[in-house]
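Participant:
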Amino acid sequence: MKQYNLGFLGFGNVGRALARLLLAKSGELREQYGVEWRVAGVASRRLGWLTSAAEAAAGFDASALLSDQFFKDTYSPSNSIGAWLQDARPDVVFETTSLNPETGQPAIDYLSAVLESGAHAITANKGVIVHGFRELDALARSTGKRLLFESTVLDSAPVFSLFRETLPAAKLRGFSGVFSSTTNVIIETMEAGRSFEEGLKTAQDLGVAETDPSHDVDGWDATVKVCALASVLMNIPLKPNEVVRQGIRELSPKKLQAARTAGAPFKLMARARLGSDGKLVATVRPEQVPASDPLGNVRGTSLAVHFELDMMPGLTITSHRPNLQSTAYGMLADFINAVRE
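Mapping of the sequence shown onto this note's numbering: residues 28 to 368, in sequence order.
#1: Tell me, please, which residues DSSP counts as bridged to W76.
#2: How far does the beta strand (DSSP E) with E335 in it reach, from first residue to last?
#3: Do the CB positions of R359 and L92 come within less than 8 Å of each other?
#4: With which residues is M296 paired in a DSSP beta bridge?
#5: Return helix, strand or coil for A110, following the three-state DSSP convention.
#6: So, G357 versus S183, is the Cβ gap smaller than 8 Å?
#7: Are I214 and L278 touching if we call contact CB-CB under 8 Å?
#8: If you draw a straight line from the alpha carbon of R312 to that of V270, how long is it in whole angstroms?
#9: Check whether the region 118-130 touches the region 142-152, taking contact to mean three or more Cβ pairs, one atom from each stretch, closer than 8 Å.
#10: Just the C-alpha distance for R57 and A286, rounded to the nearest angstrom, thanks.
#11: Beta-carbon within less than 8 Å of R276's beta-carbon, same chain only, minus the 5 sequence neighbours each way: which residues are those?
#12: So which of D164, V259, P317, S208 has the shortest CA-CA distance to L142?
#13: Rank T310, D136, Q231, V316 by C-alpha distance to the C-alpha of A386 and give the top, closest one.
#14: Contact between the region 204-214 and the region 324-339: three or more CB pairs below 8 Å?
#15: Is it right to say R200 is buried, meaning 16 or more other beta carbons lie within 10 angstroms of its own, or is it exposed?
#16: Classify G159 as helix, strand or coil using the three-state DSSP reduction.
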């Protein structure tokens with residue numbers, strides 16, 4: 028039985044959901060995988076850099092971490108990632124800091140420091156994979172540690188591990204996907220004759236849309252996911268500015284209703300495909316999708332991706348109505364895979 032020191036870089040909704048899941052699954056982790064854990068450090072922009080160096084050997088009380096009062100009592104001013112890693116001495120770090128679609132920073136630098144310190148790095152930050160995958164993957168290999176990121180595209184749905192573990196020698200020719208819960212909800216609300224603003228409010232009430240929804244409704248979030256998949260699964264370092272991108276702001280309720288009635292509703296479709304010249308063409312834009320298409324019936328907050336491979340004509344993965352626990356579970360699964368003997 029081994030006890031692992033855990034560090035949380037970012038402790039917002041996803042980080043807290045992961046802490047709750049770790050508590051709920053503690054018995055299974057111990058009994059089925061021989062894994063015990065303690066929280067050795069927590070860091071976020073709001074909270075500063077906290078470590079349990081002065082705490083009991085058990086580390087921070089994970090239940091207490093979920094209380095705002097805990098952080099009011101233990102706030103620490105920001106120091107640095109290096110000092111935090113040195114004090115916390117984590118074996119595994121979970122990174123859930125804010126997405127930077129343009130550079131992936133500062134999360135890339137954070138995870139470089141994590142791997143150099145000798146810890147496994149697990150992230151839900153797709154910007155890191157788009158802008159830093161090759162460098163971080165090489166660093167992980169050189170240090171004998173794992174860089175895992177299952178939660179970056181379809182929450183807990185196993186996309187990267189599926190290819191890594193079960194599809195050897197299969198070449199990915201292209202893929203298409205519905206990658207935005209927010210735009211799904213807005214479009215379906217407008218199909219019912221209501222406004223864009225009402226659809227956005229519905230998505231925010233469901234907890235899938237941010238206060239500033241521009242990353243979703245303008246197609247940036249889906250674009251970054253396309254780039255992450257291309258970078259990892261096709262070994263093509265695609266960048267967001269290379270994707271033809273159009274959001275959903277120009278769609279009207281009338282146009283959406285007519286498309287739904289005709290049996291080919293609009294979706295914000297993300298696509299990437301190798302052309303006959305070997306070049307990758309990638310787009311994110313509203314498209315009409317017939318019900319016969321594997322992605323035509325993806326509704327509500329659900330997400331899906333359809334892969335085209337040389338070994339099979341099609342493989343579709345659906346994440347049905349994912350939530351924060353789904354995202355957290357992807358990180359928990361990565362944790363188990365990282366430390367499994």
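For every residue, glycine included, the Cβ atom is placed at its ideal position computed from N, Cα and C.
Source: prediction; values computed, not measured.
Facilitator: Quick look at the numbers:
#1: A70
#2: 330-336
#3: Before going on, a small fix: residue 359 reads as Leu here, not Arg. Taking 8 Å as the Cβ cut-off, L359 and L92 do not qualify as a contacting pair.
#4: V205, R312
#5: For A110, the secondary structure class from DSSP, reduced to helix, strand or coil, is helix.
#6: yes
#7: yes
#8: 10 Å
#9: Contact holds between the region 118-130 and the region 142-152, because three or more Cβ pairs, one in each stretch, are under 8 Å apart.
#10: Here the alpha carbons of A286 and R57 stand approximately 52 Å from one another.
#11: F223, V244, D245
#12: D164
#13: Absent from the structure is residue 386, since the part of the chain shown begins at 28 and ends at 368.
#14: yes
#15: exposed
#16: Helix at G159.
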